[in-house]
Amino acid sequence: MTPSTTVHSPLRLYGRSGELAILGSLLGQLRAGDGGALVLTSPPGLGRTALLGQTAADYRAGREGPVLYAAAAPTEQRLPYSGLHALLCSAPGPLPVPPDRVLRSGITPGGLLALLRGLGAEQPLLVCVDDAHAWDPDSRAALGFVARRLGAGSRVAVVIGAADETCFAGLPALRLGPLDADASSALLDRFTVATGDVDPVVRSELVREAAGNPRLLAGLVGRLTPDQLAGRTALPYPLPGGEGVLEAHAAHLDGLSPDTHTLLLLAAAAEEHEPEGAGADAALLLRAGARAGLAAAHLDRVLFAPAGSAGALQRAGSRVHFSHPLLRRAVLHRAPPGRRRAVHGLLAGLLAGPGAPSLPALVQRACAVPGPDAALAGQLEAAATAPQPHAERSAALARAAALSTDDAARAARFTAAADQARLAGDAGRARALMARVGGHLAGGAAPYVRGMLALRDGPAADAREALLTAAALLAPHDPRRTLDALFGAAEAAWDMGDAIAYLDAMNRIPVPVTDRAMAQYRAGMCAVLAGHTERGHGLLRCCLDSAERAENPGELLRAGVCALVLGEVDAACRTGARALAAVRTRGPDALLPQALEQLAYAELRAGQHARARAHALEGLHAARRTGQPNGATHLHAVLALAASVEGPAEACAAHADAALAGAGPHGLTQAAMLATWAVARADLAAGRSGEAAARLGPLVRPGPGTGHFATRLLAVPCYVEAVVLSGRADEGADELAMAVKEFALWATRTTDPQAPAQLARCRALLAPPEEAAAHYEEALAHHDRAGGHFERARTQLLHGQSLRRRRRTREARGPLRDALVAFERCSARAWADRAGGELRAAGEAVDVPDQGGAGPLAGLTPQQQRIARCVAEGATNREVALRLSVSPRTVDHHLRNVFAALGVRSRTELARLLDR
Numbered sequence: 018m019t020p021s022t023t024v025h026s027p028l029r030l031y032g033r034s035g036e037l038a039i040l041g042s043l044l045g046q047l048r049a050g051d052g053g054a055l056v057l058t059s060p061p062g063l064g065r066t067a068l069l070g071q072t073a074a075d076y077r078a079g080r081e082g083p084v085l086y087a088a089a090a091p092t093e094q095r096l097p098y099s100g101l102h103a104l105l106c107s108a109p110g111p112l113p114v115p116p117d118r119v120l121r122s123g124i125t126p127g128g129l130l131a132l133l134r135g136l137g138a139e140q141p142l143l144v145c146v147d148d149a150h151a152w153d154p155d156s157r158a159a160l161g162f163v164a165r166r167l168g169a170g171s172r173v174a175v176v177i178g179a180a181d182e183t184c185f186a187g188l189p190a191l192r193l194g195p196l197d198a199d200a201s202s203a204l205l206d207r208f209t210v211a212t213g214d215v216d217p218v219v220r221s222e223l224v225r226e227a228a229g230n231p232r233l234l235a236g237l238v239g240r241l242t243p244d245q246l247a248g249r250t251a252l253p254y255p256l257p258g259g260e261g262v263l264e265a266h267a268a269h270l271d272g273l274s275p276d277t278h279t280l281l282l283l284a285a286a287a288e289e290h291e292p293e294g295a296g297a298d299a300a301l302l303l304r305a306g307a308r309a310g311l312a313a314a315h316l317d318r319v320l321f322a323p324a325g326s327a328g329a330l331q332r333a334g335s336r337v338h339f340s341h342p343l344l345r346r347a348v349l350h351r352a353p354p355g356r357r358r359a360v361h362g363l364l365a366g367l368l369a370g371p372g373a374p375s376l377p378a379l380v381q382r383a384c385a386v387p388g389p390d391a392a393l394a395g396q397l398e399a400a401a402t403a404p405q406p407h408a409e410r411s412a413a414l415a416r417a418a419a420l421s422t423d424d425a426a427r428a429a430r431f432t433a434a435a436d437q438a439r440l441a442g443d444a445g446r447a448r449a450l451m452a453r454v455g456g457h458l459a460g461g462a463a464p465y466v467r468g469m470l471a472l473r474d475g476p477a478a479d480a481r482e483a484l485l486t487a488a489a490l491l492a493p494h495d496p497r498r499t500l501d502a503l504f505g506a507a508e509a510a511w512d513m514g515d516a517i518a519y520l521d522a523m524n525r526i527p528v529p530v531t532d533r534a535m536a537q538y539r540a541g542m543c544a545v546l547a548g549h550t551e552r553g554h555g556l557l558r559c560c561l562d563s564a565e566r567a568e569n570p571g572e573l574l575r576a577g578v579c580a581l582v583l584g585e586v587d588a589a590c591r592t593g594a595r596a597l598a599a600v601r602t603r604g605p606d607a608l609l610p611q612a613l614e615q616l617a618y619a620e621l622r623a624g625q626h627a628r629a630r631a632h633a634l635e636g637l638h639a640a641r642r643t644g645q646p647n648g649a650t651h652l653h654a655v656l657a658l659a660a661s662v663e664g665p666a667e668a669c670a671a672h673a674d675a676a677l678a679g680a681g682p683h684g685l686t687q688a689a690m691l692a693t694w695a696v697a698r699a700d701l702a703a704g705r706s707g708e709a710a711a712r713l714g715p716l717v718r719p720g721p722g723t724g725h726f727a728t729r730l731l732a733v734p735c736y737v738e739a740v741v742l743s744g745r746a747d748e749g750a751d752e753l754a755m756a757v758k759e760f761a762l763w764a765t766r767t768t769d770p771q772a773p774a775q776l777a778r779c780r781a782l783l784a785p786p787e788e789a790a791a792h793y794e795e796a797l798a799h800h801d802r803a804g805g806h807f808e809r810a811r812t813q814l815l816h817g818q819s820l821r822r823r824r825r826t827r828e829a830r831g832p833l834r835d836a837l838v839a840f841e842r843c844s845a846r847a848w849a850d851r852a853g854g855e856l857r858a859a860g861e862a863v864d865v866p867d868q869g870g871a872g873p874l875a876g877l878t879p880q881q882q883r884i885a886r887c888v889a890e891g892a893t894n895r896e897v898a899l900r901l902s903v904s905p906r907t908v909d910h911h912l913r914n915v916f917a918a919l920g921v922r923s924r925t926e927l928a929r930l931l932d933r
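Using our numbering, read the sequence shown as starting at 18 and increasing by one per residue.
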């Protein structure tokens with residue numbers, strides 16, 4: 018018997034790297050002469066057949082042995098041994114036992130085992146069976162018998178695809194899950210390669226509707242026109258193309274009794290008024306089943322025993338869930354429309370209480386009507402209010418829109434549904450609903466919702482313009498949304514770093530006379546940006562004080578901004594924590610990334626870097642979950658700043674790159690500035706002061722096209738340090754003096770506790786050597802009052818470095834030792850390394866951090882190791898001297914010794930040696 022010479026083109030599978038790795042491991046065992054078995058299980062459409070085909074193709078491509086491959090034919094399920102007959106017919110050569118004899122006379126499980134082992138004795142044999150659950154019982158039993166007896170030395174591997182592992186109990190099983198959103202999106206690109214780009218809203222809706230099912234996604238795409246895919250034509254609702262997959266799911270329930278089918282339909286219908294994924298209420302199903310005439314014993318058996326529904330239903334406490342979301346959709350899809358409406362009507366009657374109908378009852382009534390119903394649409398809209406969750410309100414409003422008979426009312430309700438979906442943190446659903454609004458303005462609500470969505474996931478300039486337009490349209494009839502739109506436009510301008518645009522939006526806000534805190538906030542922010550700092554700070558402090566009694570998340574977030582502008586970082590942390598608690602308790606979910614970002618930034622300003630990192634990471638996950646890439650960009654910048662203190666440098670660079678990649682296309686100047694500052698601070702920690710100065714220079718200069726107007730002065734201390742340590746203080750003396758003068762003015766106006774110490778440190782760096790010590794002592798005195806280990810340690814490091822540079826090494830050891838201990842307490846690894854290097858250079862023994870045994874540098878002194886690493890990074894002797902506070906002649910002396918010790922003759926050879 019010879020292996021097949023057919024070479025199948027490789028398949029491209031998306032989102033299945035883990036499964037392919039497991040199957041590859043099984044093939045590796047087979048090639049080594051061992052055997053094994055694996056059962057791939059999944060509901061229809063998840064790619065089980067594709068994985069089996071890929072496994073067979075991979076093995077055939079190596080030409081290392083034969084492959085037997087067969088797929089079940091459901092029509093032959095009652096024909097004994099038809100499955101084994103098909104499998105043996107796939108052999109590329111004659112067999113010791115002809116397949117026709119197996120079909121006529123059958124084969125014992127032991128005979129099949131001997132046959133396959135005999136084939137494997139010649140060359141390792143791979144057996145693949147797809148849809149084995151649909152094989153005839155005799156073939157299934159024989160295949161399971163064989164699979165359980167393959168192991169070391171058998172030279173036979175069996176891969177079985179089945180709907181579940183019931184028929185092959187005891188065998189290793191791998192259950193396929195749905196594709197994630199990224200894999201589904203990549204697969205969508207493959208399906209639409211011939212039609213061009215897919216509109217982002219259409220993409221989101223297709224990925225959502227497919228629920229990670231590749232076959233369903235292919236069916237949906239196949240029924241849409243190129244114009245619909247590109248967003249030029251509206252999508253049909255409901256989306257067509259999923260009928261085949263839903264029918265395949267429903268087919269697994271064909272053997273159940275009519276009463277069980279009735280109960281499954283009740284369970285599927287009862288989820289219509291529940292939040293997505295919540296399942297159905299078991300008590301309601303018991304009442305509905307009894308009303309439908311089902312026996313109590315049957316209800317108990319189906320609802321509370323998995324076997325009663327063939328595994329279709331699963332109970333979790335008082336809730337009943339379908340084992341797979343598409344199975345629920347399949348049950349509803351297969352039911353005749355009249356029967357489905359009758360079930361919804363039954364549930365609506367059970368849910369109706371005294372007085373006005375509840376929202377769940379109205380939703381069930383909406384599912385029961387055969388067409389548009391203006392009166393019912395109005396009732397649904399009226400019921401979709403607080404305290405109902407935003408997601409439930411959105412679903413009810415969308416149903417109300419679908420029932421509407423008037424185009425304007427339909428557009429207004431779809432817009433309202435989109436706004437509720439946005440607040441629920443479901444930006445994709447919100448955009449899909451807005452796509453159904455069309456060109457209607459809905460009284461200004463449509464541009465409002467589009468602007469608020471763009472504020473979180475689009476260009477900030479687009480968001481600002483949309484929200485200003487919305488405010489103008491909403492002003493005559495919706496004062497609350499007008500305020501929200503103008504605050505949103507101001508926030509967009511703040512993100513852009515456009516102070517004039519920010520003032521323009523804030524000055525348009527018609528603050529209600531009754532809301533004193535809002536009036537103080539608006540007037541205070543406008544005064545600060547207009548240069549009336551003292552008056553503005555007074556108003557902002559009043560606004561902050563009034564927030565002590567606030568519970569509204571929006572009001573608390575504004576108070577947090579007040580605290581940050583004032584420089585009261587401790588108050589900003591407290592207010593931020595309260596805002597986060599309010600969002601967690603009261604919602605909306607859409608505010609969670611913003612609350613976490615503001616708290617994390619306040620904690621950074623307060624020197625609480627570990628806390629800031631934890632909150633920023635949570636915020637990053639929340640931003641991704643709620644579809645807010647702009648929020649993710651800001652949080653990446655915060656994480657970069659935290660990593661510039663705690664390290665590692667790779668994390669700082671990765672977060673900064675992510676922030677800059679998002680900030681550029683969307684015009685997020687503040688995020689870009691914070692990310693650049695983070696990289697520069699990491700450069701300072703690593704001794705790359707020249708690079709740090711080059712990054713920070715454009716950020717701290719006043720005027721357009723530079724740093725952010727509200728945060729650029731915070732980077733001035735780093736800029737002064739970078740320029741002085743890089744030896745360029747004389748070249749940029751005027752610019753340095755201007756930056757320090759501006760920082761000094763800001764320090765007199767802010768209550769930021771670190772500002773006076775940082776100002777004294779800047780003056781120490783720029784002072785003549787004989788005057789520097791007094792400024793450093795002044796800075797340390799301010800640090801004593803302000804607290805904050807990290808900033809104090811930076812001052813001590815620079816003080817000690819200054820003393821050592823003046824050859825006062827004995828005096829330098831004290832501040833350097835204190836700096837090292839403080840950096841270690843802050844987990845500021847790179848900064849601790851820099852302080853340790855300075856301390857060693859001052860003549861004090863310091864443990865060298867483990868760097869993988871130091872590799873080829875293990876035999877060098879600590880100073881030689883530092884010089885070697887700097888040179889390998891590409892630094893010149895002068896740059897190395899500036900980094901390490903030694904003379905270029907000292908660097909040259911050490912470098913010659915390094916070359917001799919390592920046996921290299923050039924800087925290039927040294928770099929290659931350290932790069933191994």
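Positions of the beta carbon are idealized from the N, C-alpha and C atoms, including for glycine. Quick caveat, the model's predicted, so the values are computed rather than measured.
Legend entry - Proximity of Leu191 and Ile39 at Cβ, strictly below 9 Å: Yes, they are a contact pair.
Inset, instruction - Ignore the nearest five residues each way along the sequence and tell me which others in Leu104's own chain have a CB closer than 6 Å to its CB. - result: Scanning its chain for C-beta atoms nearer than 6 Å, with the 5 sequence neighbours on each side dropped, one finds around Leu104 the residues Leu85 and Ala87, in chain order.
Legend entry - Whole runs of the alpha helix (DSSP H) within the region 751-817, excluding any shorter than 4 residues: Those alpha helix (DSSP H) runs which fall completely within the region 751-817 and span 4+ residues are 772-783 and 786-803.
Legend entry - Neighbourhood of Gly213 by C-beta, 6 Å cutoff - its chain only, sequence neighbours within 5 removed: Short of 6 Å from the beta carbon of Gly213, and not among the five residues preceding or following it, lies no beta carbon of its own chain.
Legend entry - When Tyr76, Cys590 and Glu752 are compared against Gln140, the one with the closest alpha-carbon: A check of alpha carbon separations from Gln140 across Tyr76, Cys590 and Glu752 identifies Tyr76 as the nearest.
Inset, instruction - Counting only runs of 4+ residues fully inside the region 222-282, write out the alpha helix (DSSP H) ranges in chain order. - result: Within the region 222-282, the complete alpha helix (DSSP H) segments of 4 residues or longer fall at 231-239, 243-246 and 260-268, listed in chain order.
Legend entry - Close-in-space but distant-in-sequence residues of the same chain around Leu129 (CB under 6 Å, 5 per side omitted): Hits under 6 Å: Ala159 and Val163.
Legend entry - Under 9 Å between C-beta atoms of Leu581 and Tyr538: In this structure, the beta-carbon distance from Leu581 to Tyr538 does not fall below 9 Å.
Legend entry - Alpha-carbon spacing of Ala536 relative to His494, whole angstroms: Roughly 21 Å separates the two Cα atoms.
Inset, instruction - Check Ala425 in the structure and name its three-state DSSP category. - result: Ala425 falls in the helix class under three-state DSSP.
Inset, instruction - Report the option in Ala247, Ala518, Ala73 and Arg497 whose CA atom is closest to the CA atom of Cys543. - result: Of Ala247, Ala518, Ala73 and Arg497, the residue nearest in Cα terms is Ala518.
Inset, instruction - With DSSP collapsed to three states, give me the class of Cys145. - result: Looking at Cys145 - three-state DSSP - the assignment turns out to be strand.
Legend entry - Touching by the beta-carbon criterion (3+ pairs, under 8 Å), the region 687-700 and the region 663-675: Enough Cβ pairs lie closer than 8 Å, so yes.
Legend entry - Selection from Leu43, Leu167, Ala138 and Leu57 that minimises the alpha carbon distance to Gly194: Minimum Cα distance to Gly194 is reached at Leu57.
Inset, instruction - Look at the Cβ atom of Asp51, then the Cβ atom of Ala169, and state whether they are nearer than 9 Å. - result: In contact: Asp51 and Ala169 (Cβ atoms closer than 9 Å).
Inset, instruction - Return helix, strand or coil for Gln331, following the three-state DSSP convention. - result: Note: Gln331 maps to strand in three-state DSSP.
Inset, instruction - Give me the Cα-Cα distance between Arg705 and Arg729, rounded to the nearest whole angstrom. - result: Approximately 21 Å between the Cα atoms of the pair.
Inset, instruction - Look up Ile177 in the DSSP assignment and say whether it is helix, strand or coil. - result: In the structure shown, Ile177 sits in a strand (DSSP, three-state: E or B).
Inset, instruction - Using only the heavy atoms of the ligand NAD, determine whether one of them is closer than 8 Å to the beta carbon of Ala892. - result: This structure does not include the ligand NAD; it has no bound ligands of any sort.
Inset, instruction - Give the DSSP-derived three-state secondary structure of Arg827 in the structure shown. - result: Three-state DSSP puts Arg827 in a helix.
Legend entry - Where Arg336 sits in the DSSP three-state scheme: Three-state DSSP puts Arg336 in a strand.
Inset, instruction - Ignore the nearest five residues each way along the sequence and tell me which others in Pro116's own chain have a CB closer than 7 Å to its CB. - result: Cβ neighbours of Pro116 beyond the five flanking positions: His102, Leu105 and Cys106.
Legend entry - Between the CA atoms of Asp587 and Ala852 - distance to the nearest angstrom: Here the alpha carbon of Ala852 sits roughly 28 Å from the alpha carbon of Asp587.
Legend entry - Euclidean distance between Cα positions of Leu450 and Gln645: Taking the straight line joining both Cα atoms gives about 17 Å.
Legend entry - Stretch pair the region 217-235 + the region 195-208: three plus CB contacts closer than 8 Å: Short answer: they touch.
Legend entry - Sufficient close CB pairs (3 or more, under 8 Å) joining the region 282-302 to the region 169-185: Segments in contact, no.
Inset, instruction - Can you grab the Cα-Cα spacing for the pair Ile884 / Cys735, in whole Å? - result: Each residue's alpha carbon lies about 24 Å from the other.
Inset, instruction - Pick out whichever of Leu397, Leu47, Gly41 and Ala447 has its Cα sitting closest to the Cα of Ser221. - result: Of the candidates Leu397, Leu47, Gly41 and Ala447, the one whose C-alpha sits nearest the C-alpha of Ser221 is Ala447.
Inset, instruction - Since I believe Leu364 is in contact with Ala286 (beta carbons under 8 Å), could you give me their beta-carbon distance rounded to a whole number of angstroms? - result: About 6 Å; that satisfies the 8 Å criterion.
Legend entry - Inter-residue spacing [alpha-carbon to alpha-carbon] between Arg95 and Asp153: Answer to the nearest angstrom: the Cα atoms are 6 Å apart.
Inset, instruction - Let me know if Arg416 comes out buried or exposed under the rule of 16 or more other beta-carbons within 10 Å of its beta-carbon. - result: Arg416 comes out buried.
Inset, instruction - Determine the contact status of Ala710 and Val757, defining contact as a CB-CB distance below 9 Å. - result: One thing to note: Ala710 has its Cβ no nearer than 9 Å to the Cβ of Val757.
Legend entry - Through-space distance from Ala412 to Pro243, alpha-carbon basis: Each residue's CA atom was taken as its position, placing Pro243 and Ala412 some 29 Å apart.
Inset, instruction - Please name the residue in Ala702, Gly707, Leu652 and Gly135 whose C-alpha comes closest to that of Gln611. - result: Minimum Cα distance to Gln611 is reached at Leu652.
Inset, instruction - Using alpha carbons as the reference points, say which of Thr643, Val655 and Gly624 lies closest to Leu634. - result: When only C-alpha atoms are compared, the closest one is Val655.
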